[in-house]
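Protein chains: 2
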Amino acid sequence: MLRISDDGFEKAFARMVRNRRESDRQVGRDVAAIINEVRERGDDALVDYTARFDNHGLGDDGNWQISAEECRAAYSALDADLRDSLEMAASRIRAYHEGQLPDDRDYTDDIGMRLGARWNAVDAAGLYVPGGRAAYPSSLLMNAIPAKVAGVGRLVVTTPTPKGEVNPLVLAAAHIAGVDEIWRVGGAQAVAALAYGTHRIGKVDVIAGPGNAWVAEAKRQLYGVVGIDMVAGPSEILVIADANNDPEWIAADLLSQAEHDPTSQSILITDSESLARQVEDAIDLALMKLPTAKTAKASWDAHGLIVIVDTLDQAPTLSDRLAAEHVELMVDEPQVLFDRLRHAGSVFLGRHTPEAVGDYIAGPNHVLPTGRRARFASGLSVLDFMKRTSFIDASEAALAAIGPAAVRLAEAEGLPAHALSISTRLK
Amino acid sequence: MLRISDDGFEKAFARMVRNRRESDRQVGRDVAAIINEVRERGDDALVDYTARFDNHGLGDDGNWQISAEECRAAYSALDADLRDSLEMAASRIRAYHEGQLPDDRDYTDDIGMRLGARWNAVDAAGLYVPGGRAAYPSSLLMNAIPAKVAGVGRLVVTTPTPKGEVNPLVLAAAHIAGVDEIWRVGGAQAVAALAYGTHRIGKVDVIAGPGNAWVAEAKRQLYGVVGIDMVAGPSEILVIADANNDPEWIAADLLSQAEHDPTSQSILITDSESLARQVEDAIDLALMKLPTAKTAKASWDAHGLIVIVDTLDQAPTLSDRLAAEHVELMVDEPQVLFDRLRHAGSVFLGRHTPEAVGDYIAGPNHVLPTGRRARFASGLSVLDFMKRTSFIDASEAALAAIGPAAVRLAEAEGLPAHALSISTRLK
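Here the protein sequences come in this chain order: Y and R. If you're matching positions, the first sequence starts at 12 in this note's numbering and goes up one per residue. If you're matching positions, the second sequence starts at 12 in this note's numbering and goes up one per residue.
What follows is the structure in structure tokens.
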């Protein structure tokens, strides 16, 4: 617990802002070696790594992929309530992302020059889906639906299936989202296969989706060979709360991030020391009953933080420095605070908007910038699966109007062929 | 010269598409070491590298920065025609980019849930401006104006000044664009200083701007610590032309890319072998007079290509595989071909739109994806200097309508604290 009025506050808070809780250099070296192997040995490298890391043998064609039929069967076998919940989530996510589709531009300006820009989806996108404990159907929906709304023709999932096991919920979500291919490959090797392609797996243009430190590092290293959604780190929540809150609600919200991973971070900023104490007690109580208590406690003990401010007026400045992935505004007039925030992945306004409602079903994407990256990055959107081509169409008269100025600039820059390409048309 | 009807065409064309003409691993290691030094030793490292690489001594405060007064003086000293040309370019670039400003979203859906997204500029952006031969005022305008249109408060230029020399045209452009700080530092060390900050140079959120292989690699390695505009490679032009063209115009267009750098690439696709021969001759002729002939010839000899197709109907498919930075459509009805293109950085329609008009003055950005990256990347825009915060505001009734489904999904995913944060509010 830090008090803004304490002497050491600035130093302690600055240290918290700097601490990225992210991966080390050895991961970078391991991943570079894996990428190199997959690039050179293709499917053979995938067979070797999958045997070693996933204890799964990739042999004949049959067991490399999970078929559309298997996904449909998983969907049909779902409990009806759960299936309806997934469908409701998919339809709300789809509706929100359809509103992100960008408009093309095409206009003619005052000198008669036609200018504009046209958006197109990428041809193919790859989605990494973690295996085991972190295989989340919600994550598949959040990644796959924007790609499909963007108009991506070929949507490829890679996912590790340790000992051959698959998560039926993920398959059901793939069925709902209309995934085109699913490959039983995981880790950095899967990302490399998506980026460079192998004999079996066709390469893609953009790779999205969450993963462990190796997967995240592989995406970072392959950025430029393909587009990637973002460099992701551990999850974060910042709750800004006045005295007038139920401490159990806030405790649950803080723990909902903490239960993801021991490196997750949960922060409470409040002007009420009494609320702060009650939240601490509520967390201790909740941890006694929570099945995920081990992870949540590890995260809360190592990275949890409560900041006591003199007045909530001080909260937006602190919040912008943290640039947290998720910011909850648990106050009567959240809009007032929201208007003063500049850097946050997603903001949850008011006491009845727990962050988890955004994880699943509200509609906006739950793939959001972490590690202070909301200073410059945005959550996943349809734009991550599209690109823009600008265009220029000059009439003879329009070229005559502005060509001479361009010739002058080209000559001043010492680029005579640039100048010539215009001047030869002005003769 | 390749003919699409020849036996070896597919193999030769595929090799051309694969060839990225990009940097090697040694650059990666050198850059990693430089970044590390700057991160650990800050300004001292900058002093050392600047003495070594730029032969320029950074000593007292006075010579680290180029002042706004120096920029204003450079602007005032410009030849009036050149100044007017720069101003015309700036005003057209500004007008085009103002049209890119995104709309916020804020709506309430059918269950009474308020959803939306809000765009903000980043706080600070860094622009790398090359020194020496490649110091282009047009490049400064193309990078700085979108940042200022986006609303970036602090716009920082770093540029090497070998032996202390500066380019007055670049300073004049900085004056026009409203750059806030200019630091006399270049190379990977400048990019590292912008990303991590030093005692003198405050860190930024996004780094844009062209540079040599070391600068490009530094940006790639620091992606994630900061946002970057893109991973850039050598420039490219693809001209698609029918028989009915002046070969001198096409020769000049091809050479306008070739003169940038020996690694640039110029490609002509035409259905007229006779035009192809005439263009080859016109290039030879132009090279005899061109002051930049040495570079242009090296590029044309090493990477130039003419593809003869049976019909221009075949051109869009080849063009999409190349996904070129610049595509010129030198035909009577360019729109017909344009409608069939999916992957290109920028398209220049019709015989009176030489690519160079887009480099300087048309309005759209000349910072465009290279190295086949138009498959997934877009040219520089105001969006590169902005980020989006999504938001959710649930009423008690809205939470009641969708909360139970979210609880079900959270439980199915094995995240009980997520479920608890919603269910505790539904009581």
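Even glycine gets a Cβ: it sits at the ideal position worked out from N, Cα and C. The structure displayed is predicted, hence computed values, not measured ones.
Check whether chain Y comes within 8 angstroms of residue i, counting only Cβ atoms and requiring the distance to be less than that.
i          : result
Phe-20(R)  : no
Asp-370(R) : yes
Arg-94(R)  : no
Gly-315(R) : no
Ser-401(R) : yes
Ala-385(R) : yes
Ile-413(R) : yes
Tyr-234(R) : yes
Tyr-147(R) : yes
Report the rounded CA-to-CA distance for residue i versus residue j, giving the unit in angstroms.
i          : j          : result
Val-42(R)  : Leu-93(R)  : 37 angstroms
Gly-137(Y) : Thr-364(Y) : 32 angstroms
Arg-362(Y) : Pro-273(Y) : 26 angstroms
Ala-84(R)  : Ala-183(R) : 8 angstroms
Met-341(Y) : Leu-360(Y) : 7 angstroms
Gly-19(Y)  : Asp-324(Y) : 20 angstroms
Arg-332(R) : Asp-59(Y)  : 32 angstroms
Val-177(Y) : Gln-76(Y)  : 11 angstroms
Ala-417(Y) : Met-124(Y) : 15 angstroms
Asp-54(Y)  : Thr-169(R) : 45 angstroms
Asp-240(R) : Ser-149(Y) : 30 angstroms
Pro-415(Y) : Gly-369(R) : 13 angstroms
Ala-219(R) : Phe-24(R)  : 32 angstroms
Gln-200(R) : Val-236(R) : 15 angstroms
Ala-158(R) : Leu-166(R) : 8 angstroms
Lys-305(R) : Ala-297(R) : 12 angstroms
Tyr-371(Y) : Ala-421(R) : 8 angstroms
His-67(Y)  : Ala-262(R) : 57 angstroms
Lys-300(Y) : Val-393(R) : 49 angstroms
Arg-436(R) : Ile-413(R) : 12 angstroms
Asp-352(R) : Leu-329(R) : Here the sequence assigns Leu to residue 352(R), which means Asp is not the residue at that position. Those two C-alpha atoms are separated by around 10 angstroms.
Leu-57(Y)  : Ala-229(Y) : 15 angstroms
Kindly say whether residue i, judged by its beta-carbon, lies nearer than 8 angstroms to any beta-carbon of chain R.
i          : result
Ile-433(Y) : yes
Tyr-107(Y) : yes
Arg-3(Y)   : No information on residue 3(Y) is available, as it lies outside the stretch 12 to 438 that chain Y covers here.
Gly-162(Y) : no
His-186(Y) : no
Asn-30(Y)  : no
Pro-173(Y) : no
Thr-364(Y) : yes
Ala-224(Y) : no
Tyr-86(Y)  : no
Val-217(Y) : yes
Ala-155(Y) : no
Ser-389(Y) : yes
Leu-426(Y) : yes
Among the options, whose alpha-carbon lies nearest the alpha-carbon of residue i?
i          : options                                           : result
Gly-175(Y) : Arg-195(Y), Ser-389(Y) and Tyr-107(Y)             : Arg-195(Y)
Asp-216(R) : Thr-435(R), Val-242(R) and Phe-396(R)             : Phe-396(R)
Asp-321(Y) : Ala-128(Y), Pro-415(Y), Pro-302(Y) and Glu-284(Y) : Glu-284(Y)
Asn-30(R)  : Gly-315(R), Ala-128(R), Asp-17(R) and Leu-410(R)  : Gly-315(R)
Ala-408(R) : Ile-433(R), Ala-373(R), Asp-343(R) and Ala-421(R) : Ile-433(R)
Asp-312(Y) : Asp-117(Y), Ser-275(Y) and Arg-36(Y)              : Ser-275(Y)
Val-181(R) : Leu-89(R), Leu-379(R), Glu-336(R) and Ala-373(R)  : Leu-89(R)
Glu-98(R)  : Arg-419(Y), Lys-438(Y), Leu-266(Y) and Thr-435(Y) : Arg-419(Y)
Asp-350(Y) : Gly-374(R), Asp-282(R), Thr-400(R) and His-377(R) : Thr-400(R)
Asn-376(R) : Val-378(Y), Gly-390(Y) and Ile-403(Y)             : Ile-403(Y)
Ile-278(Y) : Trp-225(Y), Pro-302(Y) and His-337(Y)             : His-337(Y)
Counting beta carbon pairs with one atom in the region 253–261 of chain Y and one in the region 249–257 of chain R, are three or more of them shorter than 8 angstroms? no
Which residues, in order along the region 250–267 of chain Y, keep a beta-carbon less than 7 angstroms from a beta-carbon of chain R? Glu-259, Trp-260, Ala-263, Asp-264, Leu-266 and Ser-267
Inter-stretch contact (C-beta, 8 angstroms, three-pair minimum) for the region 382–390 of chain R and the region 348–358 of chain R: yes
Touching by the beta-carbon criterion (3+ pairs, under 8 angstroms), the region 76–83 of chain Y and the region 117–132 of chain Y: no
Would you say the region 418–437 of chain Y touches the region 270–286 of chain R, given that touching needs at least three Cβ pairs under 8 angstroms? yes
Can you pull out the residues from the region 293–311 of chain Y whose beta carbon lies closer than 8 angstroms to at least one beta carbon of chain R? Ala-297, Leu-301, Pro-302, Thr-303 and Ala-307
In the region 184–215 of chain R, which residues sit with their C-beta less than 8 angstroms from some C-beta in chain Y, listed in chain order? none
If the cut-off is 7 angstroms on Cβ atoms, which residues from the region 32–63 of chain Y count as contacting chain R, listed in chain order? none
Residues of the region 120–133 of chain Y with a CB closer than 8 angstroms to any CB of chain R: list them in chain order, please. Asp-120, Met-124, Arg-125, Leu-126, Ala-128, Asn-131 and Val-133
Below 9 angstroms between beta carbons is the criterion; list the residues of the region 344–364 of chain Y that meet it against any residue of chain R, in chain order. Pro-345, Gln-346, Phe-349, Leu-352, Arg-353, His-354, Ala-355, Gly-356, Ser-357, Val-358, Phe-359, Leu-360, Gly-361, Arg-362, His-363 and Thr-364
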